[in-house]
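Q: The structure under discussion is supplied below as structure tokens; questions concerning it will follow.
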Amino acid sequence: MHALDTDILWRWGDSFVLVNKTILFTWIVMAALVIGSLVVTWRLSSGPRMDRWQNLLEIVVSFLRREIRQISRQNPDPYLPFVGTLFLFIAASALVDIVPYFSSPAGSIATTAALAVCVFFAVPVFGIARGGVVGYLKNYIRPSVFMLPFNIIGEASRTLALAVRLFGNVMSGAMVVGILLSIVPFIAPAVMQFMGLIFGMIQAYIFSVLAMVYISSGIQARETQMQKARQRAEKAPHEHEVPSPPRQRRGTPSRDEVHERDQSHEKGPTND
Amino acid sequence: MTDTALIGMVSIIMGGLTIAIGSIGPALGEARALAEALGAIARQPDEAGTITRTLFVGMAMVESTAIYCFVIAIILIFTNPFWDFVTASAAGAGN
């Protein structure tokens, strides 16, 4: 199998603390992300002339904001750090996979299980921060008390599925390349590696979108149809006065409205 | 036939069968989802973004059954616990 976890590079004492390839590659990806972002954001410009790397990061960040806003229909700011970190980490580790002697840390079940456990704990944290403990716990007996065991099973099984899905995809890509190397060693592995780049991006997207879907399902189930209708009725007469606070944005704004708000929101902080 | 030969043979056959049978259902399901999504995009091109995102998420859900089968096949072939047990106990008996 993949020798990510069993290739031990350094150990301390009786294998209590050890560094294998998974941990080393995770650290490398983390360091690359942190140092890269620090270097790029060293000199930010708000004018029309900007660094090309700043442009790249702005594209990534506004893409993430747009996706989170469309999934949760809320202000994306509270969720951007968590979901964005998941996306950036998985996408970066898939990208760095083309470097020789490096393989994506997501090809180890330990990494993906850790990421899935983060999502598992993030759902109640965001849900309680938004709706209180009672409001969040009420989600489990929705639509009726008889659904309680199924909701709990669903919570556990989707965490397992999240971990195994990412692991299976990344590991199978690496394994197919390894098998092809022994059969057709010239062109075919490169093609498969190229496919692996695309699939790595898609997997990062799917992982972060699913995390956001789970988080927003933990939040939104609390909101009944009646509240939604009331908010929409309140919002309709004075829609063009002021940018409404995030709580009232939970109706279904049209796409133009969302786009406008997104841009105006993002211009704000860069000017000062 | 010795125990190790029997376990090895059954593991290999079942590993192949697991991934072969387990990939039929998700393949049909994903093909159907993709066809429906393409039809929906052709009818409503404005909603292409929403449809594509939902398609990706749904396909990831459908695909997970195939990935479970893949992981089971990998476990059977590469890290089979029964094989390890039999070889370990045979080594213990040999000493």
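Each protein sequence line maps, in turn, to chains A and B.
Just so you know, we're using the numbering used here here: the first sequence kicks off at 1 and counts up by one.
Just so you know, we're using the numbering used here here: the second sequence kicks off at 1001 and counts up by one.
Virtual Cβ for every residue (Gly too), placed ideally from N, Cα, C.
Counting contacts by CB-CB distance shorter than 9 Å, is A/Q70 in contact with chain B?
A: Walking along the first sequence from the start, residue 70 of chain A turns up at place 70. Cβ-Cβ to chain B under 9 Å: yes for A/Q70.
Q: Is it buried or exposed, A/T112, if we count other Cβ atoms within 10 angstroms and call 16 or more buried?
A: Within the first sequence, residue 112 of chain A is the residue found at index 112, counting from 1. So A/T112 counts as buried.
Q: Just mark A/R67 as buried or exposed, buried being the case when its beta carbon has 16 or more other beta carbons within 10 Å.
A: Position 67 of the first sequence, counted from the first residue, corresponds to residue 67 of chain A. It should be pointed out that residue 67 of chain A corresponds to Glu in this sequence rather than to Arg. A/E67 should be labelled buried.
Q: Closer than 8 Å, Cβ to Cβ, to anything on chain B: give me those residues from the stretch 193 to 208 of chain A, in chain order.
A: Correct list: I202, Y205 and I206.
Q: Check the C-beta distance from B/V1062 over to B/E1030 and give it rounded, since I have them as a contact under 8 Å.
A: Within the second sequence, numbered from 1, the residue matching residue 1062 of chain B stands at position 62. Within the second sequence, numbered from 1, the residue matching residue 1030 of chain B stands at position 30. Correct: roughly 5 Å between the Cβ atoms.
Q: Mapping DSSP to helix, strand and coil, what is A/V17?
A: Sequence index remark: in the first sequence, residue 17 of chain A carries index 17 (1-based). The answer is strand: DSSP assigns A/V17 an E or B state.
Q: Taking the beta strand (DSSP E) that A/W10 falls in, what are its first and last residues?
A: Along the first sequence, read from residue 1 onward, the residue named residue 10 of chain A stands at position 10. Element bounds for A/W10: I8 to W12.
Q: Check distances from the C-beta atoms of the stretch 170 to 190 of chain A to those of chain B and list, in chain order, the residues that come in under 7 Å.
A: Cβ contacts with chain B come from S172.
Q: Strictly under 9 Å for the Cβ-Cβ distance: is B/T1050 near chain A by that measure?
A: If you number the second sequence from 1, residue 1050 of chain B lands on position 50. By this cut-off, B/T1050 is an interface position.
Q: Could you give the DSSP three-state label for B/D1003: helix, strand or coil?
A: Your numbering for residue 1003 of chain B matches position 3 in the second sequence. Note: B/D1003 maps to helix in three-state DSSP.
Q: Would you tell me roughly how many angstroms separate the C-alpha atoms of A/Y214 and A/V123, rounded to the nearest one?
A: Translated into the one-based positions of the first sequence, residue 214 of chain A becomes position 214. Translated into the one-based positions of the first sequence, residue 123 of chain A becomes position 123. For A/Y214 and A/V123, the distance between alpha carbons rounds to 7 Å.
Q: Assuming B/V1119 contacts A/I206 (C-beta within less than 8 Å), just tell me the rounded distance between them.
A: For chain B, the structure presents residues 1001 to 1095; residue 1119 of chain B sits outside this window and is missing.
Q: Label A/R130 either buried or exposed according to how many other C-beta atoms from any shown protein chain fall within 10 Å of its C-beta, with 16 as the threshold for buried.
A: The count along the first sequence starts at 1 and reaches residue 130 of chain A at position 130. By the neighbour-count rule (16 or more Cβ atoms within 10 Å), A/R130 is buried.
Q: Mind pulling the alpha helix (DSSP H) runs of 4 or more residues that sit fully within the stretch 106 to 176 of chain A?
A: Within the stretch 106 to 176 of chain A, the complete alpha helix (DSSP H) runs of at least 4 residues are 109 to 137.
Q: Going along chain B in order, which residues have a C-beta closer than 7 Å to the C-beta of A/G168?
A: As a first step, residue 168 of chain A is located in the first sequence; it is residue number 168 there, counting from the start. Per Cβ cutoff of 7 Å: I1067, F1070 and V1071.
Q: Could you work out which residues of chain A lie near B/S1064, taking near to mean beta carbons separated by less than 8 Å?
A: Sequence index remark: in the second sequence, residue 1064 of chain B carries index 64 (1-based). By Cβ distance, chain A contributes A161, V164 and R165.
Q: Pairs of beta-carbons, one from the stretch 19 to 27 of chain A and one from the stretch 97 to 112 of chain A, closer than 8 Å: are there three or more?
A: Contact holds: three or more Cβ-Cβ distances are below 8 Å.
Q: Would you decide whether A/F273 is buried or exposed? Buried here means 16 or more other CB atoms lie within 10 Å of its CB.
A: What the structure shows of chain A is the stretch from 1 to 272, and residue 273 of chain A is not part of that stretch, so it cannot be assessed.
Q: Below 8 Å on the Cβ atoms is my guess for A/L197 versus A/I59; work out the distance and round it to an integer in Å.
A: To locate residue 197 of chain A, count along the first sequence from 1; it is residue 197. To locate residue 59 of chain A, count along the first sequence from 1; it is residue 59. With 8 Å as the limit, A/L197 and A/I59 do not qualify as a contact, their Cβ atoms being about 18 Å apart.
Q: Looking at C-alpha atoms only, which residue of A/M50, A/L95, A/G84 and A/N55 is the closest neighbour of A/R275?
A: For chain A, the structure presents residues 1 to 272; residue 275 of chain A sits outside this window and is missing.
Q: Chain B partners of A/L210, CB-CB under 7 Å?
A: Position 210 of the first sequence, counted from the first residue, corresponds to residue 210 of chain A. Here the neighbours are V1057 and A1060.
Q: Given 8 Å as the limit, is there contact between the stretch 1012 to 1023 of chain B and the stretch 1074 to 1086 of chain B, that is, 3 or more CB pairs closer than that?
A: Yes: at least three Cβ pairs fall under 8 Å.
Q: Counting only beta-carbon atoms, is B/I1074 nearer than 9 Å to chain A?
A: Against the second sequence, residue 1074 of chain B aligns to sequence position 74. Yes, contact with chain A.
Q: Quick check on A/P100: does DSSP put it in helix, strand or coil?
A: Counting from one through the first sequence, the residue named residue 100 of chain A turns up at place 100. Note: A/P100 maps to coil in three-state DSSP.
Q: When you compare each of B/P1081, B/A1091, B/D1084 and B/C1069 to B/G1025 by their alpha carbons, which one comes out closest?
A: As a working mapping, residue 1025 of chain B is identified with position 25 in the second sequence. Out of B/P1081, B/A1091, B/D1084 and B/C1069, B/C1069 has the C-alpha closest to the C-alpha of B/G1025.
Q: Report yes or no: is there a C-beta of chain B within less than 9 Å of the C-beta of A/E67?
A: Residue 67 of chain A sits at position 67 when you count from the first residue of the first sequence. With 9 Å as the cut-off, A/E67 counts as an interface residue toward chain B.
Q: So what's A/R73 in DSSP terms, helix, strand or just coil?
A: By 1-based counting over the first sequence, the position of residue 73 of chain A is 73. Coil, per DSSP.
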